[in-house]
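Taking our numbering, the leading residue of the sequence shown gets 1083, the next gets one more, and so forth. We treat Cβ as the ideally placed atom computed from N, Cα and C, and that holds for glycine. Owing to the predicted nature of the structure, the values given are computational and were not obtained by experimental measurement.
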Amino acid sequence: MDARTFLERVTHRDYFAGQIAHVRRLPERPPIYAEVPGGLSPAVTATLARQGITRLYSHQAEAIRRIREGQSVVIVTGTASGKTLCYNIPVVEKLQEDPLATMLYLYPTKALAQDQLRGIGRFQRPTGRRRRRNGETAGPDLLSWEAGEWETEPGAAGNPKSEIPNPPSEGVEFLAGTYDGDTPQNLRRKLRDAGNVILTNPDMLHQGILPQHARWNRFFTHLKYVVIDEVHAYRGVFGSHLANVMRRLERVCQHYGSSPQFICCSATIANPREHAERITGRPMALVDNDGSPRGPKEFVLWNPPPLETAARGQADQWRVGGDRRSPLWEAVHLMTSLMLEGVQTIAFVRTRLAAELLFKNCRDRLRPVSRRLAESVHAYRGGYLPEERREIERRLVEKEILGLASTNALELGIDIGSLDACILVGYPGTIASLWQQAGRAGRGHEESLVFLVGQNAPIDQYLMAHSDYLFAQNPEQAVVDPDNPHITVGHLKCAAHELPLADEETERFGPYSGVILELLEEDGFLRHLEGRWYWAQSEYPAATVNLRNIAGPVYTIQDEADGHRVIGTMDEISAFSQLHDHAVYLHGADTYFVNRLDIEQKIAHVERKELDYYTQSVQVSQIRIDAVEEEREWRGATLGFGDVTVTTSIPMFRKIRFHSRDSLGFERLEMPPQELEAVALWFSPPPWLVQRIQEAAARPDSPFGDTTGRPLIGEALIGIANVLVEVAPFYVMCDTQDIGAVVDASCLGRDALFLYDRYPGGMGYARRCLDCLGEMLQTAATIISECGCEDGCPSCVGSAVPAFAMTDLDSAIRGRIPHKGAARFLLEELLR
């Protein structure tokens, strides 16, 4: 595509009001090739040649060399850089050398595993035309070298095109397949009994393979390589769980006499070697000399205009809440404009709701112009059923879908073909995610176009004004805490169920494992006999441990008008805020009214209705300090860290009209409060600074204006807390949803700001924030002081703080924006 020509045309559209804050052209990068010492086997060379690959990039050659030398490696290169060959080539060479060898490939999602099956399948030696067996099609779950036994149909979901890449004289004989919840039982047996390469996900390894290791004794006895793709995605809760699954995997491998090498692939993060070592428990060699080429890319920072600017000549639909036009509506205009010019585009949004809203509004906007074009836009997110997701992936590869609104579910390396443009609706939270998402456009040598549409949030507006910071910023550190006792306890149960735990190996599971084991014995889960811990229950412990969160059970969403058909799932925390009674649930551009949320049965009963509004819950949190781990003075302020309990309630929700986003009022809710035992840092400003602010406020010429009746210190801290939550991902690899903020005066007897991990026991986020709080406060001061608003806005100190009165539900509308002047004064004086 001609990116510059499109941008030139955009600036003459009626909706353009100076949104382009900056354009950075990222130049084309030529490839760097290298030879592998000793060369490649003839079978591998021939297979690569049939794929048009005659030379390897420098990072591929180095990775293959290190793996051949017996090292465990972590490979860190950009999107579409050919990381898959870094492990597929050594795997195939090992299978040539040892036909009994087995390999375990781990992917964070089932969809990614099914997608990557085709990559390893290209190295197989076909021995005849594959056909159906017993009238059943194998589908994408199995690639077999056995002559004439299985056939994958062209166009099957999850496998857009059937391939036989090698003639019978080329390739290597082995059995490979995906092993997950969608794999039929007969194929599971085949893979378990004879499979060489198993592609799966951590959940299936945790629940379906390790607990059944006796059935997998052949596989574990001959296990040579464990491949962990997208290892950067395993952070926080998921990464901490995976590290414990790897501890269990190592025990099982030792039991069967194997010690596999680990091969990890990662996007660019600040601590790839350290992170991979925390996940695997092994020393890792780092390969990060990216030799892959990159096409030219136009990267546009697109800042929605202030409302007073946007309102000139614009329809009322643009008058949305806050001081700027809605970034979602900007994305609607950009995506539909690109689609009208035949540019295949993906737009990344932060939430499921935003994906559905973008999809619905793009379709509505295109329908009067072209019904065919309107049908070529779709949404992609978690919560869809597997067959829905695979069909969307197939249509995207086949170019049947021209515009896709996606959550970060497509950020990972699923092959969706070469896209022309990418729209990031808001900063995705980390530099690593930003470049992963941007890399979805322009695979290969073609020119591509990327838009980062700024939200009316502190970090987005900071990046709009500081483009050099964005393009020069080092990536963040990935954080995991494998020793979190809330996580370890479940895996100790699983480990004892799999193989009795000897006293001397309990240290493998962290410093708290001894205490946890004793508590499990007291509760009747374990028995301690002759230096070993034995599982003492009839239940299957792995079934009760969810690797994806520690937030409670999963709720199913059932359509009452369609025979209680399950249309999706959601975790409990999200269900309370999005599936409460009378909420509106969006799914596939349809609106569903939640008749009832059954908390006991974990079911949301919904009914499809034509509605012109959506809903947004209102949450209120309180905090209590349970234990002080650390407390010190910093510049006269009190800094602390320790255990806390956060109580969150949802007293009401708001109805918001589509398009205009007018508020249709509030409705009261009666939901049980949720308690979270976590860790937090707290910050209380020094008494001298509090006194100085109060004295300045009392002067006739107060720099704060009229502050009558306003809790100035509390408002200043709320504004600062809002900014700190937004900037935390600059310093810690997390999402803004991973960290919560509360301002409370009851704990310390004076106003204090709390930042807490939103997970039981904590994930290490608050601890990392404590270590770099000075830098975070400096960034917050810059954001607040450089914002062009006078009295505070969502771009700096945040949105209005609701002043709830349960007798007057509309009172939330009258909440005040935190006092910008007081927040700026506090930070400037503290950091002076």
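> Contact between the region 1453-1462 and the region 1272-1288: three or more CB pairs below 8 Å?
Replying inline: Result no; under three Cβ-Cβ pairs closer than 8 Å.
> Between the region 1559-1576 and the region 1900-1907, are three or more C-beta pairs nearer than 8 Å?
Replying inline: No, the region 1559-1576 is not in contact with the region 1900-1907.
> With distances taken between CB atoms, is the gap from G1592 to T1570 smaller than 8 Å?
Replying inline: The answer is yes: Cβ separation under 8 Å.
>> Just to confirm the assignment: which complete alpha helix (DSSP H) runs, minimum length 4, are found wholly within the region 1778-1835?
In response: The qualifying runs are 1794-1813.
> Going by the CB atoms, is the gap between V1666 and Y1622 shorter than 8 Å?
Replying inline: No, these two residues do not count as a Cβ contact at 8 Å.
> If V1710 sits next to L1368, beta carbons under 8 Å apart, how far is it from one beta carbon to the other, in whole angstroms?
Replying inline: Contact between V1710 and L1368 does not hold, since the beta-carbon distance rounds to 39 Å and is not under 8 Å.
>> Considering just the uninterrupted stretch of the alpha helix (DSSP H) at S1745, what are its terminal residues?
In response: Segment 1745-1750 is the beta strand (DSSP E) holding S1745; no alpha helix (DSSP H) there.
> Does the pairing of the region 1503-1521 with the region 1413-1433 give three or more beta-carbon distances under 8 Å?
Replying inline: Touching, per the Cβ criterion.
> Taking the runs of the alpha helix (DSSP H) that are 4 residues or longer, which of them lie wholly in the region 1300-1373?
Replying inline: Runs of the alpha helix (DSSP H) inside the region 1300-1373: 1318-1337, 1354-1362.
> Out of curiosity, what's the CA-to-CA distance linking I1795 and P1387?
Replying inline: Cα to Cα, the separation comes out at about 31 Å.
> For L1668, which of I1598, E1470, K1442, C1816 has the nearest alpha-carbon?
Replying inline: Nearest of I1598, E1470, K1442, C1816 to L1668, Cα basis: K1442.
> Okay, do the region 1376-1383 and the region 1089-1108 touch, 3+ Cβ pairs below 8 Å being the bar?
Replying inline: Contact between the region 1376-1383 and the region 1089-1108 is present, because at least three Cβ pairs lie under 8 Å.
> So what does DSSP say about I1598, is it helix, strand or coil?
Replying inline: If DSSP states are grouped into helix, strand and coil, I1598 belongs with the helices.
> For T1184 versus K1306, is the C-beta spacing smaller than 8 Å?
Replying inline: Taking 8 Å as the cut-off, the beta carbon of T1184 is found closer than this to the beta carbon of K1306.
> DSSP on A1461, reduced to helix/strand/coil?
Replying inline: Reduced to three states, the DSSP call for A1461 is strand.
> Mind checking whether V1155 and M1328 have CB atoms under 8 Å apart?
Replying inline: Not in contact: V1155 and M1328 (Cβ atoms no closer than 8 Å).
>> Within 8 Å, do at least three Cβ pairs link the region 1671-1682 to the region 1713-1728?
In response: Contact fails: fewer than three Cβ-Cβ distances are below 8 Å.
> Do E1558 and V1814 have their CB atoms nearer than 8 Å?
Replying inline: For the pair E1558 and V1814, the CB atoms are nearer than the 8 Å cut-off.
> According to DSSP, which residues form a beta bridge with E1713?
Replying inline: DSSP, once it has assigned bridges, lists G1722 as partnering E1713.
>> Give the list of continuous alpha helix (DSSP H) stretches no shorter than 4 residues that lie fully inside the region 1642-1716.
In response: DSSP runs (the alpha helix (DSSP H)) wholly in the region 1642-1716: 1654-1660.
> How is A1162 classed by DSSP in three states: helix, strand or coil?
Replying inline: DSSP places A1162 in coil when its eight states are reduced to three.
> Could you give the distance in angstroms between the alpha-carbon of E1144 and the alpha-carbon of L1751?
Replying inline: In this model, E1144 and L1751 are separated by some 59 Å (Cα to Cα).
> Across which residues does DSSP place H1610 in a beta bridge pair?
Replying inline: By DSSP's assignment, H1610 forms a beta bridge with W1615.
> How about the region 1733-1746 and the region 1810-1829: do they share at least three Cβ pairs that are nearer than 8 Å?
Replying inline: Result no; under three Cβ-Cβ pairs closer than 8 Å.
>> Using CA atoms only, rank isn't needed, just tell me which of D1311, S1374, I1291 is closest to F1302.
In response: Nearest C-alpha to F1302: I1291.
>> Just to confirm my understanding: we take Y1544, look at its own chain, exclude 5 residues before and 5 after, and list those with CB closer than 6 Å. What are they?
In response: Contacts found: I1865.
>> Please return the same chain residues whose Cβ sits closer than 6 Å to the Cβ of A1397, not counting the five positions on each side in sequence.
In response: Low confidence applies here, because A1397 scores a pLDDT of 39, under 50, leaving its location unreliable; read the following figure in that light. Taking A1397 as the centre and dropping the five residues before and after it, the same chain places no C-beta closer than 6 Å to its C-beta.
>> Under DSSP, the beta strand (DSSP E) around K1379 begins and ends at which residues?
In response: Counting along the chain, the unbroken beta strand (DSSP E) around K1379 starts and ends at 1379-1384.
> Beta carbon of R1147, beta carbon of P1113: below 8 Å?
Replying inline: It is not a contact, given that the beta carbons lie outside the stated cut-off.
> Apart from the five residues on each side of it in sequence, which residues of its chain come closer than 6 Å, Cβ to Cβ, to L1182?
Replying inline: The residues are H1304.
> DSSP state of K1272, grouped into three classes?
Replying inline: In this structure, K1272 counts as helix in the three-state DSSP scheme.
>> Below 8 Å, how does it come out for the region 1597-1605 and the region 1859-1875: are there three or more Cβ pairs, yes or no?
In response: Segment contact: the region 1597-1605 against the region 1859-1875, fewer than three CB-CB distances shorter than 8 Å; contact not assigned.
> Under 8 Å, do L1830 and L1763 count as touching if we go by C-beta distance?
Replying inline: Using a Cβ distance threshold of 8 Å, L1830 and L1763 do not count as a contacting pair.
>> If distances are taken between C-alpha atoms only, which option among G1524, G1464, R1330 comes closest to A1624?
In response: Checking every option, the nearest Cα to that of A1624 belongs to R1330.
>> Does the distance between the C-beta of V1825 and the nearest non-hydrogen atom of the ligand HEM fall short of 7 Å?
In response: Looking at this structure, you won't find the ligand HEM or any other ligand, since it has none at all.
> Nearest to V1648 by alpha carbon, out of P1635, H1687, S1549, Q1619?
Replying inline: When only C-alpha atoms are compared, the closest one is H1687.
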